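Chain order of the listed sequences is A and B. Take any residue in the first sequence, note its place counting from 1, add 81, and you have its number in the numbering used here. Take any residue in the second sequence, note its place counting from 1, add 765, and you have its number in the numbering used here. Think of the CB as a built atom: it goes at the ideal place given N, C-alpha and C, for glycine as much as any other residue. Quick caveat: nothing in here was measured; it's all calculated off a predicted structure. A short write-up of the structure that comes next.
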Amino acid sequence: MNTTFLEYVVFFAASLMMLGGAIGVILFKNPVHAALGLVLTLFGVAVQFVAQEAHFLAAVQVIVYAGAIVVLFLFVIMLLGVDRAVDLSIEPIPIQRPLAAVMTVGLVGLVSAAVIKAGDAIGTLNPGLGLDVAGEITADGQNIVSNDGNIQQLARNLYNDHVLAFQLTSVLLIVAVVSTVLLTRKWPKQGAAT
Amino acid sequence: MIAAIEPTWYLIVASLLFGIGAFGLLVRRNPLVMFMCIELMLNAANLLFITFARHHGDTSGHVFVFLVMAVAAAEVAVGLAIIITVFRQRKAINVDEVRDMYG
């Protein structure tokens, strides 16, 4: 399958955004700058989602992650008053940084070695069997072209096969909201009228 | 430059992102930045889910990513509430300072 030049450009640009933002998160002294690096990473991941024909999830990624979670981070940074630069050279455990570097290099190297060794066993990405336009692959390899978009296919899968996970996630969200409210509440002193 | 973009490339990029997140989690001392590094790791996993969902033509990967995002949002809310509660009375926002547990 001929990948167009533009797909390469998109892949490398998005990867650069992702990795550049990630390095910014760990290297910036000011936590607000780190949050901005995180936003760059999240947008890079959203671009990769679009390139992989997961349009709905790209939108959800931008709205939920970059639009709600990072804003929450910034609220808490401002609330706690840590929006000033810290000294990054302070490290109480001397061996922590070299060990962390060794662990990271080992982890990434291990995965990369396994992936490169596997080589063709992973196979090429399904060309153009866009989850956007084409349908499922039947047992004999035929493509059923259903005119559903990405959202309809995702919804069909979520509400038919994964209903229990969906319900449990809604319970989880309610529990999270209640616990957040309870944790940050200032309780009145003993003996005072509530 | 005629070859397709393989899942291999996505695997390497995602593992790099995961590794950077893991390194940042161990090295940074501000709890909020540590939380951001956790989000980096979650995004690396999400990227791989999408890649292999497309690879197999199965939307279950998309469902997984959707639920992971919901769980991540819940986790961030609760985690930040805990951070606010713990660090409300302290002056320095540093995880090394949280050595004793007192009410």
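Reduced DSSP category for residue i - H, G, I as helix; E, B as strand; rest coil
i, result
"A/V167", "coil"
"A/I176", "coil"
"A/G187", "helix"
"A/H136", "helix"
"A/I197", "helix"
"A/G162", "coil"
"A/I255", "helix"
"A/I150", "helix"
"A/T261", "helix"
Endpoints, alpha helix (DSSP H) assigned at residue i
i, result
"B/W774", "P772 to V792"
"B/M861", "In the sequence as presented, Met is not what sits at residue 861 of chain B; that position holds Asp. Note, B/D861: premise wrong, no alpha helix (DSSP H); not H, not E."
"A/G101", "F86 to L108"
"A/I144", "A/I144 -> no alpha helix (DSSP H), and no H or E assigned at all."
"A/P112", "P112 to A132"
"B/N811", "P796 to H821"
"A/I232", "N231 to D242"
"B/A842", "S825 to F852"
Neighbour-count burial assignment, residue i, 16 or more Cβ in a 10 Å radius
i, result
"A/G209", "Because the pLDDT at A/G209 is just 48, under 50, the model does not fix this residue reliably, and the value given afterwards should be weighed accordingly. Exposed: under 16 other Cβ atoms inside 10 Å."
"A/A95", "buried"
"B/T850", "exposed"
"A/F86", "exposed"
"A/R266", "exposed"
"A/Y146", "buried"
"A/Q248", "exposed"
"B/A787", "buried"
"A/Q177", "exposed"
"B/R864", "exposed"
"A/F156", "exposed"
"B/I785", "buried"
"B/Q854", "exposed"
"B/G826", "buried"
"B/Y775", "buried"
"A/E172", "exposed"
"A/L245", "exposed"
"A/A139", "buried"
"B/V778", "buried"
"A/V152", "exposed"
"A/R237", "exposed"
"A/G118", "buried"
"B/I848", "buried"
"A/I255", "exposed"
Min CB distance residue i to chain E below 9 Å
i, result
"A/V126", "Among the chains of the structure shown, chain E does not appear; the protein chains present are A and B."
Chain A contacts made by the segment 845-867 of chain B, where a contact means CB separation under 7 Å: L845, A846, I847, I848, I849, T850, F852, I858 and D861
Compile a chain-ordered list of the residues in the segment 780-797 of chain B whose CB is closer than 8 Å to at least one CB of chain A. S780, L781, L782, F783, G784, I785, G786, A787, F788, G789, L791, V792, R793, R794, N795 and L797
For the segment 243-258 of chain A, list every residue whose C-beta sits within 8 Å of some C-beta in chain B, in sequence order. Correct list: H243, A246, F247, T250, L253, L254, V256, A257 and V258.
In chain order, what residues of the segment 157-171 of chain A put their CB closer than 9 Å to some CB of chain B? V157, I158, L160, L161, G162, V163, V167, L169 and I171
By the 8 Å beta-carbon criterion, what residues does the segment 181-193 of chain A contribute toward chain B? A181, A182, M184, T185, V186, L188, V189, V192 and S193
Using a Cβ-Cβ cut-off of less than 7 Å, list which residues of the segment 93-113 of chain A approach chain B; keep chain order. S96, M99, L100, A103, I104, V106, I107 and P112
Any residues in the segment 819-838 of chain B with a beta carbon nearer than 9 Å to a beta carbon of chain A? Which ones, in chain order? From the segment 819-838 of chain B, only R819, H820, H821, G822, D823, T824, S825, G826, H827, V828, F829, V830, F831, L832, M834, A835, V836, A837 and A838 have a Cβ closer than 9 Å to chain A.
Residues of the segment 124-135 of chain A in Cβ contact with chain B at a cutoff of 7 Å, in chain order, please. Cβ contacts with chain B come from V126, Q129, F130, Q133, E134 and A135.
Taking any Cβ of chain B, which residues in the segment 139-151 of chain A have a Cβ under 8 Å from it, in chain order? V141, Q142, V145, Y146, A149 and I150
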